[in-house]
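For the sequence shown, the working numbering assigns the number 20 to the initial residue and increments by one for each residue that follows. We put the beta carbon where it would ideally sit given N, CA and C, even for glycine. To start, the structure under review is shown below, and the notes come after it.
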Amino acid sequence: MSDVLLWVDCEMTGLDVEKEELCEIALIPTDFSLQPLDCGRDFVIKPSERAIENMGEFVRSMHTKNGLLSLMQSARPLEEVKGEILSYASNFVSPERKGYLAGNTIGSDKKFIDKYLPELSSMLSYRSVDVSSIKELCRRWYPEAFAQKPVKHADDRSLADIIESIDELKYYKRAIFRPVGFEEARAEVEASSLLKTWQEKGVTLVDYSNVTKKD
20 MSDVLLWVDC
30 EMTGLDVEKE
40 ELCEIALIPT
50 DFSLQPLDCG
60 RDFVIKPSER
70 AIENMGEFVR
80 SMHTKNGLLS
90 LMQSARPLEE
100 VKGEILSYAS
110 NFVSPERKGY
120 LAGNTIGSDK
130 KFIDKYLPEL
140 SSMLSYRSVD
150 VSSIKELCRR
160 WYPEAFAQKP
170 VKHADDRSLA
180 DIIESIDELK
190 YYKRAIFRPV
200 GFEEARAEVE
210 ASSLLKTWQE
220 KGVTLVDYSN
230 VTKKD
């Protein structure tokens, strides 16, 4: 079985994982050619009353505008939804089929997944694919390609955000991941290798002077 990208996007009551809670999570599995293996699932979650009451004005306005605030208040709590989330993910990720977390600025989502859905975290590789990292490199290395990237239309709802993240990575794949030739690329990198350059200059990469030698 081929490995899977499990695209995840979360909406929260705020960004502080110590105080805020999940209010929506969506998942879409794709292969590494970015072809969807399923149309995905979206789960609206009811946070605690405390989390809703303490929601900041910016987040409250955003979730009111996109309709999520009214939906979450009549949704089921995470304890009742968790099993469905894990069951859906397990359709595509298993010990025989490694899954990699993917998304935009996925580190923020992962903090909440680690805290509220640790079972999902344990199903996935410790490695992840963050479209935001590629975006920032494209912005600086290929500004012309960056200027032509697809315009986002999503309304800060999880499933729509994921779909646009997949499309964004498809664009970068076609626009900037254009190999010049494997042998040429390897020769260029080896010729300008930072490790090789520092070694030739006699730079000490590891200082063992403070290590006590055992008899």
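- A121 is positioned such that its CB atom lies closer than 8 angstroms to that of S147.
- C-alpha of L53 to C-alpha of D22: approximately 12 angstroms in a straight line.
- Here A70 has T32, E39, E40 as same chain residues with Cβ atoms under 7 angstroms from its own Cβ, once five neighbours each way along the sequence are excluded.
- Between K65 and M81 the beta-carbon gap is near 18 angstroms, outside 8 angstroms, which marks them as no contact.
- The three-state reading of DSSP puts L24 in strand, counting E and B together.
- For the pair K101 and L156, the Cα-to-Cα distance works out to about 35 angstroms.
- A straight-line Cα-Cα distance of about 8 angstroms links R95 and V63.
- Assignment of beta-bridge partners to K65 by DSSP yields P96.
- Residue range 41-49 is occupied by the beta strand (DSSP E) that includes L41.
- Boundaries of the beta strand (DSSP E) around V148: 147-149.
- Contact annotation: the segment 161-176 does not touch the segment 203-216, with fewer than three C-beta pairs closer than 8 angstroms.
- Look at S52 here: in three-state DSSP terms it is coil, with no helix or strand label.
- Leaving aside the five residues that flank A194 on each side, the residues in its chain whose CB is nearer than 6 angstroms to its CB run, in chain order, A164.
- Taking the C-beta atoms as reference points, P48 is found no nearer than 8 angstroms to F131.
- Remark: C-beta atoms of K168 and E183 do not approach each other more closely than 8 angstroms.
- Setting aside the 5 residues that flank it on each side, D50 is surrounded in the same chain by S21, each with a C-beta closer than 6 angstroms to its C-beta; the list follows chain order.
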